[in-house]
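Comments concern the structure below.
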Amino acid sequence: MNIHAVRAIYSFEMARTWRTLFQSIVSPVVTTSLYFIVFGGAIGSQINEIDGITYGAYIVPGLIMLMVLTQSTSNASFGIYFPKFSGTIYEVLSAPVSHYEVVMGYVGAAATKSVMLGLIILATAGFFAPLEVAHPVWMLLFLVLTAFTFSLIGFIIGLWADTFEKLQFVPLLIITPLVFLGGTFYSIDMLPPTWQTVSLLNPVLYLVSGFRWSFYGVGDVSVAVSLMMILVFLVIAMATVAWIFRTGYRLRA
Amino acid sequence: MDRNHLAAFQAGPPQTGESGARAQAPGSTEPPAVSIQGVSKTYDTGFQALRSINLTIHRGEIFALLGPNGAGKTTLISIVCGIAMLAEGQVLVNGHDIRRDWRKTRAQVGLVPQELSTDSFETVWRTVSFSRGLFGKPANPAHIEKVLRDLSLWDKRNHQIQTLSGGMKRRVLIAKALAHEPEVLFLDEPTAGVDVELRRDMWTLVRSLREKGVTVILTTHYIEEAEEMADRIGVINGGEIVLVEGKEALMRKLGRKQLTLHLHTPMDRVPETLARHALELSEDGEALVYTLAQDGETADVTALLQDLADAGIRFRDLHTQQSTLEDIFVDLVRDRT
Ligand SMILES: Nc1ncnc2c1ncn2[C@@H]1O[C@H](COP(=O)(O)OP(=O)(O)OP(=O)(O)O)[C@@H](O)[C@H]1O
Ligand SMILES: [Mg+2]
């Protein structure tokens, strides 16, 4: 394995994070704080407890997921799209690096950033709502798996996109709606029965549910199902990346 | 480029007189630096950019690939470097197949691309160190420093690339390509948009690389560059290799020497008495053009001048002209299209 290359790509991408520290970390934190003030504070004070948890606390895992998912996809997609756009990708293509090493570097960096972001938001949330994490190890596991999976999905989007519009398209029109409709701000028990069934088709629901379980020991679906679903996503994303690289799709003319 | 360091470069073993003497001797058992066999390339658009290319680059030589815009130079280089897919044919680098042993071959190859694609926000030092890591080499700050000094980039090492001029960016790309100490270096139009001084520095750098045994393949539109530097020259046109020759042999074989005599009084045809000389009358009848034999036998010239005097032909001016590689190239490309 070309470990030097993985390290080079990883630190190059992390350097981008530090260079753009403000966009990378500060703005999601500010956005999250606004959510807490509006939903947790203003609106939440009018809402009953859900499963014995105050609404402000209930939405914390959902909000972290919302940020981790959107940031993972947008950050990872940009990370690989930009070299394609600027032409610097030639170097990676001509280097003795395998597809897996490229993925490890780019996706590893994007996931690292998302995990950091998730933890920062968690700390921020502590200012707004009483926090307890029932299963910290599981919480971290869900966070890391989700960050990695969605960074992979972002990477695929970045490979596929050949315009900036397309780069925005998937996160904005697919990921964000799925996240909002995935029980981020509510329990699906609050929905009418038909919509509950529809919600179960939303993959993001399983991520949010599992993550919330690691905080409060309750979720819309069982934690085993959540874990299985996220592993399924991971496998699908990895298989897609492998296919893209094998065929040279949109990378090699 | 830093003059002191150029001097250090040149302080290597003395150069043998014959250019290209260091290049691999034909029939040597070592595999050639690059061996391209039956390579064709059709892009997704359906356009066929390369047609069954066969080309061998010897170890340690400087090979210039010439050809008009769209001839397929960049495509060919991209295939060898792994940037474009090789679907048809075979390419070996130092005897290793670029598809089977891609890790080995890519680690041995360096590329300076035609386009100035750089990471605008990175510093020179970081981007060059990145390249070394990417090609699987452990960090070696001393080597990076030497490369940057040789390219006069040392002072700029902490500058963001976007703050550099175009010529400086070109040097950064060269530094990146040299960061992992490649054995085979591709330079795709290294001197496009580069001023005269930098171009000469670049030539010196390329020669010094050859001194160290690096094989250099460059493309250029400046014929003088090929003439000045290359051991061998290949011409590609319309996706086909139309010629590969040692530079000197090419000049000898195709280089024409012409003597033009501007006449005092125009004539309408070459006089009978001069028929044995290879004379041509210009269209306006004002000049006689004499093409010398390739080996430059001068005995004929004496006879010609004698016969001219005997025929009473007077001329007011004369000049000689030797065709440059550029003329040869233009002829070649025109003939084929
Ligand atoms: N990605 C691509 N898809 C389709 N056609 C391409 C692609 N890249 C190059 N071509 C076509 O292939 C032909 C050869 O292009 P190439 O870039 O190899 O030429 P070149 O000899 O390097 O020219 P130049 O001197 O202008 O750099 C051109 O006609 C070009 O339009
Ligand atoms: Mg080109």
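Protein sequences, first through last, are from chains B and H.
Residue numbering for the first sequence follows the working numbering, starting at 1 and increasing by one per position.
Residue numbering for the second sequence follows the working numbering, starting at 254 and increasing by one per position.
Beta carbons are placed, not taken as given, at the ideal position from N, Cα and C, and that holds for glycine.
Computed from a predicted structure; not experimentally measured.
Task: Per DSSP, the bridge partner or partners of D441/H - done: Residue pairing for D441/H: DSSP places it in a beta bridge opposite T472/H.
Task: Bounding residues of the alpha helix (DSSP H) (the contiguous stretch that carries A110/B) - done: Residue range 99-125 is occupied by the alpha helix (DSSP H) that includes A110/B.
Task: Contact test: N322/H Cβ vs ligand 1 heavy atom, cutoff 7 Å - done: Short note on N322/H: C-beta closer than 7 Å to some heavy atom of ligand 1.
- [ ] Compute every distance between the C-beta of F300/H and the non-hydrogen atoms of ligand 1, then say whether any falls below 7 Å.
- [x] Answer for F300/H: yes, Cβ within range of ligand 1.
Open item on the list: Suppose contacts are defined by Cβ-Cβ distances below 8 Å. Is M482/H in contact with I310/H by that definition?
Closed with: The Cβ atoms of M482/H and I310/H do not sit closer than 8 Å to each other.
- [ ] Name, please, each residue of chain H whose Cβ falls closer than 7 Å to the Cβ of G248/B.
- [x] Under the 7 Å cutoff, chain H gives M338.
Task: Minimum C-alpha distance to F133/B - residue among P203/B, S86/B, A57/B, L191/B - done: The identity of residue 133/B in the sequence shown is Val, whereas the question assumes Phe. Nearest C-alpha to V133/B: A57/B.
Open item on the list: Using only the alpha-carbon positions, how far apart do T240/B and E101/B sit?
Closed with: Using only the alpha carbons, I get a separation of about 16 Å.
TODO: Would you check if the distance between the CB atom of L440/H and the CB atom of V469/H is smaller than 8 Å?
DONE: For L440/H and V469/H, yes; Cβs fall inside 8 Å.
Task: Run of the beta strand (DSSP E) containing R569/H, from where it starts to where it stops - done: R569/H -> beta strand (DSSP E) spans 568-575.
Open item on the list: For V115/B and T20/B, I'd like the C-alpha separation in whole angstroms.
Closed with: Here the alpha carbon of V115/B sits roughly 17 Å from the alpha carbon of T20/B.
- [ ] Please confirm whether any heavy atom of ligand 2 lies closer than 7 Å to the CB of K326/H.
- [x] The nearest non-hydrogen atom of ligand 2 is less than 7 Å from the C-beta of K326/H.
Open item on the list: Can you confirm whether the region 106-124 of chain B touches the region 72-89 of chain B when touching is taken to mean that 3 or more C-beta pairs between the two stretches lie within less than 8 Å?
Closed with: Output reads yes: the region 106-124 of chain B touches the region 72-89 of chain B.
TODO: Tell me whether A253/B counts as near ligand 1, meaning its Cβ is closer than 7 Å to at least one heavy atom of that ligand.
DONE: Indeed, a heavy atom of ligand 1 lies less than 7 Å from the Cβ.
Task: Three-state class that DSSP yields for H515/H in the structure shown - done: Reduced to three states, the DSSP call for H515/H is strand.
TODO: With DSSP collapsed to three states, give me the class of Q343/H.
DONE: Three-state result, Q343/H: strand.
Open item on the list: I'd like to confirm something about D354/H: is its beta-carbon nearer than 7 Å to some heavy atom of ligand 2, or not?
Closed with: In this structure, D354/H has its CB at a distance of at least 7 Å from all heavy atoms of ligand 2.
Open item on the list: Only counting the same chain, and skipping five residues up and downstream in sequence, which positions put a Cβ closer than 8 Å to that of A302/H?
Closed with: Here A302/H has K294, T295, Y296, G325, T328, G492 as same chain residues with Cβ atoms under 8 Å from its own Cβ, once five neighbours each way along the sequence are excluded.
Task: Complete runs of the alpha helix (DSSP H) confined to the region 377-444 of chain H [at least 4 residues] - done: Runs of the alpha helix (DSSP H) lying entirely within the region 377-444 of chain H and spanning at least 4 residues, in chain order: 377-387, 394-403, 419-431.
Task: For D448/H and A260/H, the rounded distance between their alpha carbons - done: Summary for A260/H: the model assigns pLDDT 36, below 50, so the residue's position carries little reliability, and this model does not support an answer.
TODO: In angstroms with no decimal places, state the Cα-to-Cα distance between V48/B and V60/B.
DONE: Residue identity differs from the one stated: residue 48/B is Asn in this sequence, not Val. If you draw a straight line from the Cα of N48/B to the Cα of V60/B, it comes to about 16 Å.
Open item on the list: Using 8 Å for Cβ pairs, my map puts V362/H next to V333/H. What's the rounded Cβ distance?
Closed with: The pair is a contact, with the Cβ atoms about 7 Å apart (cut-off 8 Å).
- [ ] Determine the burial state of H515/H: buried for a count of at least 16 other Cβ atoms within 10 Å of its Cβ, exposed for fewer.
- [x] Flag for H515/H reads exposed.
Open item on the list: Can you list, in chain order, the residues of its chain with a C-beta nearer than 7 Å to that of S535/H? Leave out the 5 residues immediately preceding and following it.
Closed with: Excluding sequence neighbours, S535/H sits near V542.
Task: Pairwise C-alpha distance: I89/B and S386/H - done: This sequence places Gly at residue 386/H; Ser is not what is there. Each residue's alpha carbon lies about 15 Å from the other.
TODO: Measuring only between beta-carbons, confirm whether G41/B sits less than 8 Å from chain H.
DONE: At a cut-off of 8 Å between beta-carbon atoms, G41/B makes no contact with chain H.
Task: First and last residue of the uninterrupted alpha helix (DSSP H) at Y543/H - done: Element bounds for Y543/H: not the alpha helix (DSSP H) but the beta strand (DSSP E), 540-545.
Open item on the list: Please report whether the beta-carbon of H4/B lies at a distance below 8 Å from any beta-carbon of chain H.
Closed with: Interface annotation, H4/B: in contact with chain H, CB-CB separation under 8 Å.
Open item on the list: Would T88/B pass as an interface residue toward chain D - the criterion being a Cβ-Cβ separation below 8 Å?
Closed with: Absent from the structure: chain D. Protein chains present are B and H.
Task: Chain-ordered chain H contacts of A253/B [CB-CB under 8 Å] - done: Result: Y296, D297, S331, I336, A337, M338.
Task: N- and C-terminal bounds of the alpha helix (DSSP H) containing V92/B - done: 89-94 is the extent of the alpha helix (DSSP H) around V92/B.
Open item on the list: I494/H and I306/H - do their beta-carbons sit closer together than 8 Å?
Closed with: In contact: I306/H and I494/H (Cβ atoms closer than 8 Å).
Task: Given F142/B as reference, the closest of D51/B, F245/B, S214/B, Q196/B once Cα atoms are compared - done: Looking at the Cα atoms, S214/B is the closest of the given residues.
Open item on the list: At the level of alpha carbons, what is the spacing between G538/H and E501/H?
Closed with: The alpha-carbon atoms of G538/H and E501/H are separated by roughly 35 Å.
Task: Cutoff 6 Å; reference R410/H; Cβ partners in own chain excluding five residues on either side - done: So the qualifying residues of the chain are V377, W378, L401.
Open item on the list: Contact criterion: CB-CB distance below 8 Å. Does P96/B meet it with respect to chain H?
Closed with: With 8 Å as the cut-off, P96/B counts as an interface residue toward chain H.
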